[in-house]
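Peer 1: The opening position of the sequence shown corresponds to residue 93 in my numbering, with each subsequent residue numbered one higher.
For reference, the structure I am asking about is given below.
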Amino acid sequence: MKDKKVIQKITLSAMFTALAFVLPFFTMQIEKIGDMLCPMHIPVILCGFICGAPWGLLVGVISPLLRSLIMTMPPMFPTAICMAFELGTYGLAAGLLYNALPKKKPYIYVSLAGAMVTGRIVWGIARIVLLGFDFSKFGWSAFWAGAVLNAIPGIIVQILLIPVVVIALEKANFLNNK
């Protein structure tokens, strides 16, 4: 029975990685809009909720690096590397919070919000470190623009879509048999 669960999580994680790889093709037709929708974030966060924290972390780290290596988008340095930290944190935090909090609808939103805030903070820290602590290249206004203002459409999509999917999977009793 345990082997079956592991195989299921591997399979789902591979599917979420594939979704993170493919979704940008649909949203990047209009570059500014595509960047704002944050298409890779959705499958990673869902993976954290559905498969758990370690799998969400793995999918979050692998997805932007793999896409950068194969498609050269996002550019590896600093974008894909920072995204690996950010998305890995999303998957990890979503899984940890969802498993730690009561299984009630409001806590799905709390888990999602916690993951989104934590991931964005980690993205900012990674960006600062990779740019050599040069605040002229990446300061507070750049962080605010990149983490919040430019991502508002993606944040809205995540808040509207992810809880609906998680609630539907809970009702189908898919998440209760972790």
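Yeah, the Cβ is synthetic: ideal placement off N, Cα and C, and Gly gets one too.
Taking only runs of the alpha helix (DSSP H) that begin and end inside the segment 198-232, which ones reach a length of at least 4 residues, in chain order?
Peer 2: Qualifying alpha helix (DSSP H) stretches: none in this window.
Peer 1: I'd like the span of the alpha helix (DSSP H) that includes A112, first residue to last.
Peer 2: Along the sequence shown, read from residue 1 onward, the residue named residue 112 stands at position 20. Its alpha helix (DSSP H) spans residues K94 to T119.
Peer 1: Figure out for me which residue from I99, I173, N265 and I259 has the closest Cα to the Cα of S203.
Peer 2: Translated into the one-based positions of the sequence shown, residue 203 becomes position 111. Checked all of I99, I173, N265 and I259; the closest Cα to S203 is I259.
Peer 1: What whole-angstrom Cβ distance do G183 and V151 have, given they're in contact under 8 Å?
Peer 2: Within the sequence shown, the letter at position 91 stands for residue 183. Within the sequence shown, the letter at position 59 stands for residue 151. With 8 Å as the limit, G183 and V151 qualify as a contact, their Cβ atoms being about 6 Å apart.
Peer 1: Report yes if the CB atom of I99 is closer than 8 Å to the CB atom of L261, and no otherwise.
Peer 2: Indexing the sequence shown from 1 puts residue 99 at position 7. Indexing the sequence shown from 1 puts residue 261 at position 169. Result no, Cβ atoms of I99 and L261 do not sit closer than 8 Å.
Peer 1: Less than 8 Å between C-beta atoms, sequence neighbours within five positions excluded: which residues of the same chain meet that for P166?
Peer 2: What you label residue 166 is simply residue 74 of the sequence shown in a count that begins at 1. Counting only Cβ-Cβ distances below 8 Å, and skipping sequence neighbours, we find P156, R159, S160, A172 and M175.
Peer 1: DSSP three-state label for I122, please.
Peer 2: Here residue 122 is taken as the residue at index 30 of the sequence shown, counted from 1. Reduced to three states, the DSSP call for I122 is coil.
Peer 1: For Q250, count the other beta carbons within 10 Å of its own beta carbon; 16 or more makes it buried, fewer makes it exposed. Which is it?
Peer 2: Locating residue 250 in the sequence shown gives position 158, where the first residue counts as 1. Q250 is buried by the Cβ-count criterion.
Peer 1: So, does the segment 106-126 touch the segment 223-233, judging by three or more C-beta pairs under 8 Å?
Peer 2: no
Peer 1: Please decide whether I213 counts as near chain D, where near means a Cβ-Cβ distance under 8 Å.
Peer 2: No chain D is part of this structure, which consists of one protein chain only.
Peer 1: By a C-beta neighbour count over all protein chains shown, 10 Å radius and 16 as the cutoff for buried, is P194 buried or exposed?
Peer 2: Against the sequence shown, residue 194 aligns to sequence position 102. With fewer than 16 other Cβ atoms within 10 Å, it is exposed.
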